[in-house]
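The numbering of the sequence shown is the numbering used here, which starts it at 51 and goes up by one.
For each residue, glycine too, the CB sits at the ideal point set by N, CA and C.
Only one structure is covered here, and it is reproduced in the block below.
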Amino acid sequence: MKIFISADMEGVTGVVHRDQLMPEGKTYERARKLMTEDVNAVITGALREEPAAEFVVCDGHGVMRNLILEDLHEAAQLVIGPASPANKPLCQSQGCDETFDVAFFTGYHTRAGTENGLLSHTWVGSAITNIRVNGEIVGETALNAAVVGHWGIPVALVSGAHELEAEARATIPEGFVFVGTKQTYGFTAALCLPPAKTHKLLNEGAAEAVRRFKQGKLKAHKPKLPVTIGVEFHRREMAAKAAEVAGIEREDERSIAAKAETMKQAAEQAWKAVCRAQEEEPGWLK
51 MKIFISADME
61 GVTGVVHRDQ
71 LMPEGKTYER
81 ARKLMTEDVN
91 AVITGALREE
101 PAAEFVVCDG
111 HGVMRNLILE
121 DLHEAAQLVI
131 GPASPANKPL
141 CQSQGCDETF
151 DVAFFTGYHT
161 RAGTENGLLS
171 HTWVGSAITN
181 IRVNGEIVGE
191 TALNAAVVGH
201 WGIPVALVSG
211 AHELEAEARA
221 TIPEGFVFVG
231 TKQTYGFTAA
241 LCLPPAKTHK
251 LLNEGAAEAV
261 RRFKQGKLKA
271 HKPKLPVTIG
281 VEFHRREMAA
291 KAAEVAGIER
301 EDERSIAAKA
311 ETMKQAAEQA
321 WKAVCRAQEE
331 EPGWLK
């Protein structure tokens, strides 16, 4: 059995503030450790049900060099490195392909515009107001579920702050296990469970996710094809820059669209456009 893990940081145990999210933050190194421990907890849980399982983990947060390789479970391999279109055209889903059986999303967060959502944003908070798939506003959970769904891979586990559960259940097929790591109070505060507790929950959640997959209770998220990914930017200059990418259409002053025959192709085009939209290449792409 092969399990793909897309790992973000905002929904990780104990992470509540920007200071924890990037290398310049004073508490970033502690957050890296917490992120790695959450991933290890789901790996060990899955191995309880499927001892021979193989894992590929995609570091899907910020600089995408967050997970501590030397502390990662030996059953896993790690996709690590900046998400420039040349390096990681599928961004948070890089490394996934048709050989995988199921996907886990750890440390995820709610979409841009979520009222009081903990560290909520979609893809690039400094640039993006909304992302739509076939006209429906989505967050990173539904977006990446649709990408792995290109290969018929279902999402079996989602973890993050409590408010993410409602978004996930409204936008991807039911059957997955949701594990809450904290109760959101606002954009930068939450009532957090300690790692000793969340690791038990993540471990059991992953084991249950594998059981549900074996029982045939999971379904891949497959938007209607051909598919359109629309990106609404904060500023018109960003949309103009994004529209320079071949195949991207300018929809209005602040919005562009990537249209393709498959979700994989559309996601690759949209990510290329988002990267182009940023007037000066951000440090996390270098």
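Per the C-alpha coordinates, the member of Thr231, Asp302, Ala270, Glu224 positioned closest to Asn253 is Thr231. Of all C-beta pairs linking the stretch 197 to 208 to the stretch 269 to 280, three or more are shorter than 8 Å, placing the two stretches in contact. When the alpha-carbon of Cys242 is set against those of Leu71, Phe54, Val65, Ala323, the nearest one is in Val65.
For Cys146, the closest alpha carbon among the candidates Val129, Tyr158, His159, Arg161 is that of Val129.
The Cβ neighbour count for Leu207, taken over all protein chains shown within 10 Å, is at least 16; the residue is labelled buried. Contact annotation: Ile279 and Ala259 have beta-carbon atoms that are not nearer than 9 Å. The Cβ atoms of Glu318 and Met288 do not sit closer than 9 Å to each other.
Taking a contact as a CB-CB distance under 8 Å, the pair Gly189 and Glu217 counts as one, their CB atoms being some 6 Å apart. Residue state for Phe228 is assigned as strand, using DSSP reduced to three classes.
Distances from the CA of Trp321 to each of Glu100, Gly297, Ser170, Glu215 were compared; the closest alpha carbon is that of Gly297. Where Asp302 is concerned, the enclosing beta strand (DSSP E) starts and stops at 298 to 302. Within the DSSP secondary-structure output, Ile279 pairs in a beta bridge with Val183, Ala308. Sequence-distant partners of Asn137 (beyond 5 residues in either direction) whose C-beta falls short of 6 Å from its own C-beta, in its chain, are Gly131.
In this structure, DSSP gives Cys325 a helical state, which the three-state scheme calls helix. Here Gly112 is buried: its Cβ has 16 or more other Cβ atoms, across all protein chains shown, within 10 Å.
Take the alpha-carbon of Leu140 and the one of Ala246: they are about 33 Å apart.
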